[in-house]
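So the sequence lines, in the order shown, correspond to chains A and B.
Take the first sequence: its letters are residues 1 to 372, numbered as in my numbering.
Take the second sequence: its letters are residues 1 to 372, numbered as in my numbering.
Built from N, CA and C at the ideal position, the CB exists for glycine as well.
What you are looking at is a predicted structure, and each value in this text was computed from that prediction instead of being measured.
2 protein chains.
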Amino acid sequence: MAHGHSSRFHTVGDGSGIEHSDRFTREEVALALRNRGMPLEGLRYPITPSGMHYLLVHFDIPHIEAKGYRLHIGGLVERGVSLSLDEIKARPAVTMPVTMECAGNGRALMAPRPISQPWMVEAIGTAEWTGTPLAPILDEAGLRPESSEIVFTGADRGVQDNNVHLYERSLTVAEATREEVLLAYAMNGAPLEPQHGFPLRLIVPGWYGMTNVKWLTSIEAIDHEFGGFQQAEAYRYQTESGEPGEPVTLIRPRALMAPPGIPDFLTRTRLLEAGRVTLSGRAWAGREQVTGVEVSTDGGKSWSEAVLEAPVGRFAWRGWSCDWDAKPGSYELSVRATCATGARQPDEMWNLQGMGNNACQRIAVVVEERLA
Amino acid sequence: MAHGHSSRFHTVGDGSGIEHSDRFTREEVALALRNRGMPLEGLRYPITPSGMHYLLVHFDIPHIEAKGYRLHIGGLVERGVSLSLDEIKARPAVTMPVTMECAGNGRALMAPRPISQPWMVEAIGTAEWTGTPLAPILDEAGLRPESSEIVFTGADRGVQDNNVHLYERSLTVAEATREEVLLAYAMNGAPLEPQHGFPLRLIVPGWYGMTNVKWLTSIEAIDHEFGGFQQAEAYRYQTESGEPGEPVTLIRPRALMAPPGIPDFLTRTRLLEAGRVTLSGRAWAGREQVTGVEVSTDGGKSWSEAVLEAPVGRFAWRGWSCDWDAKPGSYELSVRATCATGARQPDEMWNLQGMGNNACQRIAVVVEERLA
């Protein structure tokens with residue numbers, strides 16, 4: 001999402017949207033307390049328990065009753081359609097594991113730091129989403145030939161950069177009608193909880209989280225480039241303020257490690273007993289296959305190939321593991337993924353909104369002969 | 001939990017455990033991203049959806065399989081007992097709504113700020129817990145006459161203030177054998193998710209969250225004051241470092257308001273359209289009844305009595321509401337509860353570990369004639 005302040009409201013930091021200090025503002029902490037990451041020990045689960053899945057909500061969680069809910073499909077279609085939740089559930093159902101990641105994951109590791117939700121690496125999760133494919137619904141409505149984009153509108157409303165709006169995002173017709181795009185009403189076998197989009201949300205496997213519009217109320221076909229705030233202003237790869245930048249789209253490759261040993265409460269430094277330990281975690285790359293995962297125990301000076309498990313699904317992460325003979329001392333562990341296109345995680349990166357930062361994870365570990 | 005750093009690990013802030021700046025350390029933000037508050041719009045639900053309930057985990061979330069799990073009851077008992085999960089579930093079951101709050105809620109609003117999980121006001125939730133009463137199990141084991149405390153041990157292990165330990169807390173025999181104390185295996189009708197203590201946790205209605213030991217593996221009767229870190233060092237009301245202080249026990253009175261209107265993404269300031277609005281929220285006081293809730297729209301200069309709903313349960317919050325004729329301008333809304341003992345929320349408070357801070361909530365609101 002975009003940085004910046006709103007003239008009705010107080011200024012955050014120096015108002016530039018970029019913070020040069022390593023200290024965090026109160027507003028960033030308030031966002032971190034509302035939104036939530038997946039604790040990294042959650043990497044042990046191929047399917048993330050629902051309450052451990054990451055969550056980002058731009059505005060407030062709206063309350064929608066199932067009774068009376070209707071999804072409207074309109075705009076440049078032959079036949080406007082209005083569907084109740086029961087009608088949507090009566091359509092053919094698909095259940096699919098999907099790894100979802102916030103586009104802002106890694107933002108707070110950038111320096112200087114774009115001010116927004118201050119994710120480090122934990123804005124991730126894999127759930128089994130159940131829903132009905134979108135393409136047949138658009139087909140039944142009859143997209144007119146001039147349709148070029150589909151706009152998805154959620155019920156969540158708020159202000160961002162002084163702009164009052166409902167949360168809205170668009171996809172091209174080609175992307176919106178891919179077979180894996182779902183209107184989902186269940187997560188891990190249970191109805192969506194309010195914070196995950198009850199009663200209905202969009203699921204677009206492979207795209208960053210902002211695409212998966214929650215509390216979906218309207219789908220509209222249009223014949224021009226959608227100019228809504230969350231499309232044209234927020235979620236852009238920009239280097240300088242004012243430039244249009246490139247849109248944020250597909251999830252980049254990333255591997256994460258479940259930190260070994262036990263944590264220190266406050267610093268989260270890991271304490272590990274000397275001996276053989278199996279380092280493990282999961283890796284994903286949006287629509288691409290992860291083809292390799294490498295692990296370093298010496299701060300990135302040397303790398304070892306990890307063993308890969310089969311992917312949990314076509315659009316879901318795959319497990320990896322790598323043995324390490326841990327001797328007493330202090331270490332920085334790191335892991336990086338490479339995907340089928342050859343793209344590999346960088347050591348660091350930066351952009352103005354703090355988007356798509358898939359720089360390698362670093363974990364501080366202290367190994368002792370015996371823990372006491 | 002206690003402040004301070006551990007000698008194996010890096011120093012946080014200046015190492016005193018107290019931060020005089022309004023800026024937050026990276027370590028506090030990392031804790032805020034792992035743990036999670038209830039977004040305050042969740043106050044609309046009498047029973048908090050499971051994934052919206054606040055969560056604090058000191059160390060890592062342990063993984064425990066139901067198969068093979070056993071709860072051990074021992075120490076100063078006539079007959080040591082070991083129960084499987086099925087055996088526990090086969091015992092008489094009780095389902096009870098309980099409002100739970102972290103003892104550190106409000107810590108980050110203190111100045112200077114104790115460095116730890118930086119809660120503002122959101123470390124709260126009310127769930128329906130299902131479990132079996134503890135007292136009959138202790139009765140069957142046969143507490144020896146010299147037993148004075150019961151120690152509850154969880155499977156979560158880590159380091160705090162350089163002290164490697166399993167998470168453990170004790171209660172006096174009188175507190176542990178109260179009829180409402182449960183060994184709970186379900187939350188809101190579903191088995192506990194891992195992060196909430198699967199397969200079994202303690203539920204002690206009325207006490208702050210640290211009492212409700214998750215991933216419970218052992219219950220032991222002892223004849224002395226328990227000296228474990230989380231009892232004797234952490235969770236104390238202290239004014240100065242080194243003094244023993246008073247133990248943190250029961251939840252203090254608090255009312256919270258669901259912020260009205262719509263939020264600004266970054267500042268979370270509320271924007272509201274002029275006109276009549278019903279302010280609402282919930283209030284609780286641990287084991288006591290909330291007897292009054294007052295609302296201020298002028299920064300605490302004047303207060304109006306809110307209308308109270310019936311409590312959701314004997315140990316659960318009650319709803320309140322209060323109409324407000326909002327005219328264009330900027331406001332600070334506030335709310336405060338009074339309980340049956342006469343205790344009322346203070347305007348501010350401070351202690352060394354940032355415990356039990358039930359100072360009044362303050363919400364910044366901008367009212368405009370029309371939103372656009």
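Item	Value
At which residue ranges does the region 68-104 of chain A contain complete alpha helix (DSSP H) runs of 4 or more residues, listed in the order of the chain?	85-89
For chain A, find out if any of its Cβ atoms is closer than 7 Å to the Cβ of B/S6; answer yes or no.	Confidence is the limiting factor: at B/S6 the pLDDT is only 49, short of 50, which leaves the residue's position unreliable, though a coordinate-based value still follows. Closer than 7 Å to some Cβ of chain A, the Cβ of B/S6 qualifies, so yes.
Between A/D14 and the rest of its own chain, which residues show a CB-CB distance below 7 Å, the 5 nearest in sequence each way excluded?	none
Going by DSSP in three states, B/G292 sits in which element: helix, strand or coil?	strand
Mind the definition here: the region 311-323 of chain A touches the region 276-288 of chain A only if three or more C-beta pairs lie below 8 Å; say whether that holds.	yes
A/T48 and A/A127: beta carbons closer than 7 Å?	yes
Span of the alpha helix (DSSP H) holding B/V335?	No alpha helix (DSSP H) contains B/V335, which is instead part of the beta strand (DSSP E) from G329 to C339.
What would DSSP say about B/E65, mapped onto helix, strand or coil?	coil
Is A/A127 close to chain B? Criterion is C-beta to C-beta, closer than 7 Å.	no
Tell me, please, whether the CB atom of A/T291 is closer than 7 Å to any CB atom in chain B?	no
Since B/G206 and B/L250 are thought to touch, with beta carbons under 8 Å apart, how far apart are those beta carbons, to the nearest angstrom?	5 Å
Mind listing, in chain order, the continuous beta strand (DSSP E) runs of no fewer than 3 residues lying wholly within the region 154-204 of chain A?	163-172, 182-187 and 201-203
If the cut is a Cβ gap below 8 Å, which residues of chain D does B/F229 touch?	Here the protein chains are A and B, and chain D is not one of them.
B/G325 lies in the beta strand (DSSP E); which residues open and close that run?	This sequence places Asp at residue 325 of chain B; Gly is not what is there. It spans R318 to A326 - the beta strand (DSSP E) in which B/D325 sits, taken as one unbroken run.
Would you mind reading off the limits of the beta strand (DSSP E) that contains A/Q361?	Q361 to E368
Short of 6 Å in beta carbon distance, which residues of its chain neighbour B/A285, apart from the five on each side in sequence? Order them along the chain.	P253 and C339
Looking at the strands, I want to know which residues DSSP matches up with A/F265.	Paired residue(s): none; A/F265 is not in a bridge.
Apart from the five residues on each side of it in sequence, which residues of its chain come closer than 6 Å, Cβ to Cβ, to B/G80?	G74
Is the shortest distance between the beta-carbon of A/P194 and the beta-carbons of chain B less than 7 Å?	yes
Give me the DSSP bridge partner(s) of A/E19.	A/R113
Comparing the CB of B/V151 with every heavy atom of the ligand SAH, is any distance shorter than 6 Å?	Judged by which ligands are present, the structure shown has none, so any question about the ligand SAH falls away.
From the DSSP output, read off the bridge partner residues of B/R36.	B/L55
For the beta strand (DSSP E) that contains B/A310, what are its first and last residues?	V307 to P311
Taking C-alpha atoms, which residue in A/V213, A/G68 and A/D264 lies nearest to B/D60?	A/D264
Using the DSSP secondary-structure output, state which residues sit across from B/A255 in a beta bridge.	B/A283
Taking the alpha carbon of A/F152 as the reference point, which residue from A/R107, A/E288, A/F229 and A/E41 has its own alpha carbon closest?	A/F229
Measuring only between beta-carbons, confirm whether B/H58 sits less than 7 Å from chain A.	yes
Closest to B/L43 by CA distance: which of B/Q353, B/A111, B/A255 and B/V181 is it?	B/A255
At a Cβ threshold of 7 Å, is A/D264 touching chain B?	yes
Can you give me the C-alpha to C-alpha distance between A/R201 and A/T11, rounded to a whole angstrom?	33 Å
Look at the Cβ atom of B/V290, then the Cβ atom of A/F24, and state whether they are nearer than 7 Å.	no
Output needed in chain order: residues of the region 351-370 of chain A with a Cβ under 9 Å from some Cβ in chain B.	A364, V366 and E368
Once the 5 residues before and after A/A232 are set aside, which same chain residues still bring their CB inside 6 Å of it?	none
Can you tell which of B/V366, B/P247 and B/V293 has its C-alpha closest to the C-alpha of B/G356?	B/P247
Taking 7 Å as the limit between beta carbons, can you name the residues of its chain near A/V121, skipping five residues before and five after?	N105, G106, L256 and Q361
Is A/R144 buried or exposed, if buried means 16 or more other CB atoms sit within 10 Å of its CB?	exposed
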